[in-house]
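Enquirer: Counting the sequence shown from 1 gives a position; the numbering used here is that position plus 60.
Idealized CB from N, CA, C, for every residue including glycine.
Okay, here's the structure, questions in a sec.
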Amino acid sequence: MKYNSQAIVSGLKTKDPKILQYLYTKYSGTIVGHVRKNSGSDEDAQEMIQVTILELWIAVQEGRYQEQGKLDQYVYQLAVNSWKEELRRRRNRPQQALDDTYLQVEDSGDLDLANAIVKDKYLQAIHQGIEQLGSPCNEIIQLYHLQK
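Here it is in structure tokens:
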């Protein structure tokens, strides 16, 4: 079914799903072509279709769309402007992946803490063992290590 501009605008105002489906079908080829031609991927194109239809819906809801020109031109201009804005945003936002050397920074503080905990456990085990030896052995070992 084909809708005229007035039917599309009234359908957008009433949130008619048939109108939204019609808009997706009618304008997706144009929007995909524009995005691909201007260094965009298929995913970018699909995103721009959604953004453009959403912007049209918002413009109609807020009364910004005036039926002075052709709806086709208005939708195409929305798509062009949205894609330009996205390209500007990407240019200002670096998309490089961080080098692995920056991500693999070793924290020696954690390693020192782990070593200290292990050493403390060993010392506790040695002290418990010495206490269990009995009087003469216990005294000899303590005197040997205290005098050293």
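For the putative contact between G71 and Y63, defined by C-beta atoms under 8 Å, what is the C-beta separation to the nearest angstrom?
Expert: So it is a contact: roughly 7 Å between Cβ atoms.
Enquirer: Among the candidates V69, K97, K144 and Q106, whose CA atom is the shortest distance from the CA of G123?
Expert: Comparing Cα positions, the closest option is V69.
Enquirer: So what's R124 in DSSP terms, helix, strand or just coil?
Expert: Correct three-state label for R124: coil.
Enquirer: For M61, which of helix, strand or coil comes out of DSSP?
Expert: In the structure shown, M61 sits in coil (DSSP, three-state: anything other than H, G, I, E or B).
Enquirer: Any idea what DSSP makes of S18, helix, strand or coil?
Expert: Coverage of the chain is limited to positions 61 through 208, which leaves residue 18 absent and any answer about it impossible.
Enquirer: Give the C-beta separation of Y235 and T90 to the nearest angstrom, bearing in mind that I take them to be a contact with Cβ-Cβ under 8 Å.
Expert: For residue 235 there is no data in the structure shown, the boundaries of the chain being 61 and 208.
Enquirer: Classify S142 as helix, strand or coil using the three-state DSSP reduction.
Expert: S142 falls in the helix class under three-state DSSP.
Enquirer: Just how far apart, CA to CA, sit R150 and K144?
Expert: So the alpha carbons of these two residues sit roughly 10 Å apart.
Enquirer: Check whether the Cβ atoms of L147 and I113 sit closer than 9 Å, and answer yes or no.
Expert: The answer is no: Cβ separation not under 9 Å.
Enquirer: Return yes when the Cβ of C197 is within less than 9 Å of the Cβ of I186, no when it is not.
Expert: No, Cβ-Cβ distance for I186 and C197 is not below 9 Å.
Enquirer: DSSP three-state call for R151: helix, strand or coil?
Expert: The answer is helix: DSSP assigns R151 an H, G or I state.
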